[in-house]
Structures are given as C-alpha cells and as structure tokens.
Amino acid sequence: MLERVDKAKKQIHNTVDALGRSVNIMEVCGTHTVAIFRSGIRSALPESVKLLSGPGCPVCVTDQGYIDTVMDLAAREDCLIATYGDMIRVPGKNGSLETMNRSNVHVVLSSDDAVQLACAHPDKTVVFVAVGFETTTPATAVAVMTAEKMDLSNFCILSAHKLVVPAMQALLSDTKNKIDAFLCPGHVSVIIGSDAYRPVVEQFSRPCVVAGFEPVQVMEGIAEICRQLADESPQVKSLYSAVVTAQGNTRAWELIEAYFEPYDGPWRGLGCIPNGTLRLKRQYKRFDALVRFGIEEIPKEEPNGCLCGQVLCGLINPPQCGLFDAVCTPDTPVGPCMVSSEGACSAWYKYGRRGKVHHD
Amino acid sequence: MCLAVPARIVELMDDRGVADAMGNRWSVRTTLLPDVQVGDIVLIHAGFAIATVDEEEARKTWELFAEIAEFQERQAPSSKEEGTV
Ligand code: SF4
C-alpha cells in the first residue's frame, strides 16, 4: 500500500515539475472532499497541485427557491414532508425544517419509507423531498413507479434531482473557470458508468478520472490526471473498476429515463444549467408536487453575503468567504455548504481551519 | 450523500430483501439489480442495492468508512449531524 502511495506521489511530483505550471483538479463528490481532508492528501501534494471542491454535494447545489418551497409545504396542515436527513438543517426563509419543529416533517432513510408514510396517512398528502444526483434518483423513480402501481393518490415528489455531467460542462463553458481536470465521483459513476464522461473529454479536452474513496486510489487518480495533462492526452479512465463499469447500472438508467426528463433547472450559484435538472415526465405529473399544489418554480438568490455559489464553482476556497468562521459555522450555518457534512465549507471548517490536517 | 455502503443480502422476496452489514440489518429493495441473489454482497444507497461487489472490495470499504466516520467524530465531536443517506 505504502509503495503505491509513494509511487503515485513521485509520479505527481515528476509530472508537475515537467509541466512547469499549476494544476487545478476539481472533485465533484462530497465524499471525496471529506476523504481528501481525512487522509491529509493535500499536504502530500506539491504546492502547484490544487484541489477544488466542486458541486458534488446535492444539498449544496439545491437552489434556495426550492428550499423555500419545501418550507412553504411544511407549513401546510394537509401535507407531510418526507425528507432525507441531510436536508433538515438547511436554512430557508423563517428557519429550517428542523427549527420549524413541526410534527409533519419526517426523516426517511429511503424513498420507500416515503411511500409507506403515504399509505399510513391517507388523509394527508406526502411530499417527498427528492434531491440527489444519479445515485439517488433511481430510488425516487422506483417510489413513483410503486405509487403508480398502487394507485396512491396522496403521494408526490418535489424533484431537484441533478445530473453531474451537465454541471461539469457548464463549469467548463464559463470562461472564468480554472479547472484542468476532474476527479469523477465514485458512486454516481456506479449508475452512469464511466463512459458518461466522454462528452466532457471530447468537448473540452479535460481528463476525467473516476476514483474510489481509498486515499491510495485518490492519489493514483491525481497521478493519472497529472500524467494525462503532461502527455496532453485527456481521457476517461476509471480506477474504481471494482464497482464502476463503462455502462453503469443500465436498469437504474432505464428507470430514470422512464420517469424523468431533463430541463434547464436552477442550481445554487451556477444558475440554470442546460438539461442539468430532472423533472417528472408529463404522464406522471400527478405525482409532481409543483403541479399538485400549483407552485411556480422561482429561482432565488443565496442568503446575504454567502458565497456558496463561488465555492461550488471552485472560484474561491471557503475561508475566502467573509462569513466563514465568523458568522457562519456548522452550528450556525448561513449557507448549505456549511450545513451538509459533505459541503466544502463544513469540511474546511472542521478539518482544514486549524491548518493541521490529519496524517495517516 | 452519494455514498453507498456494502452489505450482504440475507433474505429476498421479489425485489424486497434484508441486508446485513457487520450485524446491522435493514430492509432494502433490489429493483435496480434484477439478478441479485441471497448471499451476494451489494452496494446500498438510500435503501436500494445499486451494484454487486466482491468480498475483498466490501471489506476494504467497510474499514474505510469506519475510519472516515471515526475521523469525522474525532474532529467535530459537538456537531449534531443527521443521518446521511
Ligand atoms: S462560509 Fe457560510 S456563508 Fe460563506 S460560502 Fe460557506 S456556507 Fe456560504
């Protein structure tokens, strides 16, 4: 193991020396963000290799307007909110789902629990807070399929499901971007398959390397990226072959495609990304909370002073936000990047703030 | 949030089953892995099995996640975090 780490480290140092410039690598996965801090990888890298935390945490990329809509629905007497635990501390207007402290907010571990909740409460409408990337979306598709089969009329979803590849393309389309390569997410890739990154490589000539969460694999991923940059041969490469295939989980994709269609929905800080968000197809609109409650989707600005948007684009590191560690802390979060345990601001606050990062 | 954990399928009826990870058991659905069988180790995300993995990979992942969880705890003992899917 140590040998592999040393080898990767050497390769990184040699290639960036040869390149003679700095290299910015963006990870698009909250678990990578935490794993990188945990293992102290940053301090093992040459100064010229910079790791940027991109829009890899689904809670963080969810638009403020969506959060406020969830809060509005939670305030209704005729609704039950079923949500993954990650969402309940995100600040919206008038506090968060947690501080609202309403008995109609239910934390679920699975979309299946949300369907069960609807079965158990026929007098209420259950709204499932459907956030997440491709790893999570198939579960929502199955929930809608189940509700459809059961002819369950009191179940609906509020979809903010996101697609990773359109976000990567949008980031690279911005002329201000400083991204040289992507370290691609592990478990999203289980569903979409490593081939899904081909358009990014073909269109923008940036290396896309899929890695798991073991520190050695992250290091090898970075080494592979540096090698590709030095050779000027950007490619898709998966180092996580134990679970990621080229095609991904085709059954899961079929279900996503059966129930959802992409549209230009809003992302926090990134605006409306072409085909970056999923909504239910027309024939399933009866399960769409927006349709059921006649709600219009209105994108909203982030809370005052919060720079989550720039953090998510890799333009600044969290400590460069004026509120970081002063007003905004994990106990008093201003933006979602501080709320979510996988958010970049939270990771920097907890593990990077004191300037010391744990070494293995 | 996109994290998936390995667990062994110990019971299965159609696309509903029970998974076991180091003694912890919970209900899962296997709708996304139609060919899965009792005894297989799968990656589970938000209550759904999304891929099969081998013993070796599962063991490595269990160890790694235990380390990451311990690390998060050690660095932030006061933070009240909600269960992540
Ligand atoms: S430190 Fe807080 S306010 Fe600043 S960008 Fe991060 S979440 Fe937003």
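So the sequence lines, in the order shown, correspond to chains L and C. Residue numbers for the first sequence follow this note's numbering, so the first one is 1 and each next one is one higher. Residue numbers for the second sequence follow this note's numbering, so the first one is 1 and each next one is one higher. Even glycine gets a Cβ: it sits at the ideal position worked out from N, Cα and C.
Less than 7 Å between the CB of Met338 (chain L) and some heavy atom of the ligand SF4, yes or no? yes
Quick check on the burial criterion: 16 or more other C-beta atoms within 10 angstroms. Buried or exposed for Ala181 (chain L)? With 16 or more Cβ atoms within 10 Å of its Cβ, Ala181 (chain L) is classed as buried.
Just to confirm, does Pro333 (chain L) get its C-beta within under 7 Å of one of the non-hydrogen atoms of the ligand SF4? Relative to the non-hydrogen atoms of the ligand SF4, the Cβ of Pro333 (chain L) comes within a distance shorter than 7 Å of at least one.
Whose C-alpha, out of L:Ser53, L:His13 and L:Ile157, is nearest the C-alpha of Thr83 (chain L)? L:Ile157
Does the ligand SF4 have a heavy atom nearer than 7 Å to the CB of Val34 (chain L)? Relative to the ligand SF4, Val34 (chain L) has its C-beta separated by 7 Å or more from all heavy atoms.
Along chain B, which residues have their Cβ under 7 Å away from the Cβ of Thr31 (chain C)? Among the protein chains of the structure shown, namely L and C, there is no chain B.
Start and end of the beta strand (DSSP E) containing Tyr66 (chain L)? Element bounds for Tyr66 (chain L): not the beta strand (DSSP E) but the alpha helix (DSSP H), Gln64 to Ala74.
Counting only C-beta atoms, is Ala4 (chain C) closer than 8 Å to chain L at any point? yes
Quick check: the Cα distance between Ser79 (chain C) and Pro330 (chain L), rounded to an integer number of angstroms? Low confidence applies to Ser79 (chain C): its pLDDT is 40, below 50, so where it sits in the model is not reliable, and the reading given next is rough at best. Ser79 (chain C) and Pro330 (chain L): Cα-Cα distance of roughly 7 Å.
Given a cut-off of 8 Å, decide if His45 (chain C) and Ala19 (chain C) are closer than it, judged by their beta-carbon atoms. no
Looking at the unbroken alpha helix (DSSP H) that takes in Asp6 (chain L), where does it start and where does it end? Leu2 to Leu19
For Gly39 (chain C), count the other beta carbons within 10 Å of its own beta carbon; 16 or more makes it buried, fewer makes it exposed. Which is it? Counting Cβ neighbours within 10 Å, Gly39 (chain C) comes out exposed, since fewer than 16 surround it.
Is Pro318 (chain L) near the ligand SF4, with its Cβ less than 7 Å from a heavy atom? yes
For Cys328 (chain L), which residues does DSSP report across the bridge? L:Phe324
Taking CB distances under 8 Å as the criterion, tell me whether Ile87 (chain C) reaches chain L. This structure gives no information on residue 87 (chain C), because the portion of chain C shown stretches from 1 to 85.
Using a C-beta cutoff of 8 Å, does Ala242 (chain L) count as contacting chain C? yes
For Ala44 (chain L), I'd like the list of residues in its chain whose CB is within less than 7 Å of its CB, leaving aside the five on either flank, ordered along the chain. Lys9
Is Leu315 (chain L) near the ligand SF4, going by C-beta to nearest heavy atom under 7 Å? Not under cutoff, so the answer is no.
Considering only the beta carbon of each residue, do Val49 (chain L) and Glu342 (chain L) sit closer than 8 Å? Not in contact: Val49 (chain L) and Glu342 (chain L) (Cβ atoms no closer than 8 Å).
Could you give the DSSP three-state label for Met22 (chain C): helix, strand or coil? coil
Nearest by alpha-carbon distance to Val129 (chain L): which of L:Ser111, L:Asp123 and L:Ser53 is it? L:Ser111
Check whether the stretch 308-325 of chain L touches the stretch 278-292 of chain L, counting contact only when three or more Cβ pairs, one atom from each stretch, lie closer than 8 Å. no
Cβ-Cβ distance between Pro58 (chain L) and Thr136 (chain L) below 8 Å: yes
Compute the minimum distance between the beta carbon of Phe324 (chain L) and the heavy atoms of the ligand SF4, and state whether it is under 7 Å. yes
Can you find a CB in chain C that lies within less than 8 Å of the CB of Asp151 (chain L)? Look at Asp151 (chain L): its C-beta is not under 8 Å from any C-beta on chain C.
Rounding to the nearest angstrom, what Cα-Cα distance links Ala139 (chain L) and Asn14 (chain L) in this structure? 44 Å
So is the beta-carbon of Ser59 (chain L) under 7 Å away from any non-hydrogen atom of the ligand SF4? Going by the sequence as given, residue 59 (chain L) is Val instead of Ser. No.
Verify whether the separation of the beta carbon atoms of Lys9 (chain C) and Val53 (chain C) is less than 8 Å. Note on residue identity: the sequence assigns Ile, not Lys, to residue 9 (chain C). When the beta-carbon positions are compared, Ile9 (chain C) and Val53 (chain C) stay at least 8 Å from each other.
Going straight from the alpha carbon of Glu134 (chain L) to that of Arg227 (chain L), what length do you get? 29 Å
How do the stretch 230-246 of chain L and the stretch 203-210 of chain L stand: do at least 3 beta-carbon pairs fall below 8 Å, yes or no? yes
Would you report the Cα separation of Asn24 (chain L) and Gly271 (chain L), rounded to the nearest angstrom? 23 Å
For Lys237 (chain L), write down the residues that DSSP places opposite it in a beta bridge. L:Val209
Alpha-carbon spacing of Phe65 (chain C) relative to Gly294 (chain L), whole angstroms: Going from the Cα of Phe65 (chain C) to the Cα of Gly294 (chain L) covers about 42 Å.
Contact residues within the stretch 98-112 of chain L, judged by C-beta distance below 9 Å to chain C: Look at the stretch 98-112 of chain L: the residues with a C-beta under 9 Å from a C-beta of chain C are Glu98, Val107, Val108, Leu109, Ser110, Ser111 and Asp112.
Along chain C, in chain order, which residues have C-beta atoms closer than 7 Å to that of Ile81 (chain L)? What Ile81 (chain L) touches in chain C: nothing, since even the nearest Cβ is about 14 Å away.
Beta-carbon within less than 8 Å of Leu255 (chain L)'s beta-carbon, same chain only, minus the 5 sequence neighbours each way: which residues are those? Pro138, Ala141, Val142 and Met145
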